[in-house]
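In the numbering used here, the protein residues as written are 19 to 399. Backbone N, C-alpha and C define an ideal beta-carbon position, used for all residues, glycine too.
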């Protein structure tokens, strides 16, 4: 490995019991990442409960409670989460049980569940979060916050997969380089025995949360194989535009998604109806959704031709209607998705239907009851 371009004077300011270790891991991350830290990193060991509270506070800033509530209703109507699910509560439960460290792009602080004698799992967590820190200082990860604030959900999901996939990729490279074989085995044992139950959290939420790490790492691995660290760094400068590009690295950066618009049907639905939620829907979201009821390979095949998507939801205060419109690379891709979505609907108990495919566009309708679905069908005609 060539000598990294280390920035002079990089250091860590640590609050907690393991400052020497943190400084050591920083130097090691610099070595494998290929460049150095330009600013101090504040590292603070905290409890699992504090991490959960912090992440929820961050979510409340990025997604106000009202938006969480509206999105919960829309997803419930589509059928990807159980009736009455609060997405805010689900994300809180996930963050409290699954996340053992995080890096805050706003404050530049790293928080982790540290201890007096850090285990291999705690050390590998440090390597993951310190990779976020070095990437943030080099490329400015606050861009992800901007994408979220602008409600560019698909762009944000793709960028998050890049960032988390990169940290996971280099975390594993760090482990292979700096942990002994016995310590690497210990990481697996610790991870398997951690109290990280997902009981009570909708499977759709847990899979969505895990996706950026798993699929993002595959994306980074493909870039590294294609062009080494330079190709990885270029992806941070030219962010992937869709989760399709993450799933299919060969489509990055040239296969841009097709914008899909769903018109406002509130007037056609009735006097009391108004907009509830609008969300760009990418290949990852659809693949995970279909995978709730269909075989994973079937879900992957049915969504591989994705080219764009949006849902729009309306409510009159008691009933909800949702139009999901998707664009596909070819009429065959559209027909394959339409058939899979029809099968998916048939296996559930939602009031929903798939309209006849119009070339490369497939539209699905969802509603809280049969009468609302009929009204939505008439409004969308």
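| Check | Outcome |
| --- | --- |
| Cutoff 7 Å; reference residue 387; Cβ partners in own chain excluding five residues on either side | 337 and 369 |
| Segment limits, alpha helix (DSSP H) that includes residue 160 | 160-167 |
| Beta strand (DSSP E) segment containing residue 324, residue limits | 324-333 |
| Simplified DSSP assignment, three categories, for residue 137 | coil |
| Simplified DSSP assignment, three categories, for residue 308 | helix |
| Residue 113 burial status per 10 Å Cβ neighbour count (16 or more: buried) | buried |
| Proximity below 7 Å, CB of residue 151 to CB of residue 192 | no |
| Assigned secondary structure, residue 395 (DSSP; H/G/I helix, E/B strand, else coil) | helix |
| Residue 128: first and last residue of the uninterrupted beta strand (DSSP E) it sits in | 127-130 |
| First through last residue of the alpha helix (DSSP H) which encompasses residue 188 | 171-196 |
| CB of residue 174 within 7 Å of CB of residue 180, strictly | no |
| Rounded C-alpha distance that separates residue 270 from residue 238 | 11 Å |
| Under the three-state DSSP convention, the category residue 150 falls into | helix |
| In DSSP terms, what residue 371 is bridged to | 383 |
| The alpha helix (DSSP H) enclosing residue 231, as first and last residue numbers | 221-255 |
| Cβ neighbours of residue 235 in the same chain (closer than 7 Å, five flanking residues each side left out) | 183, 186 and 187 |
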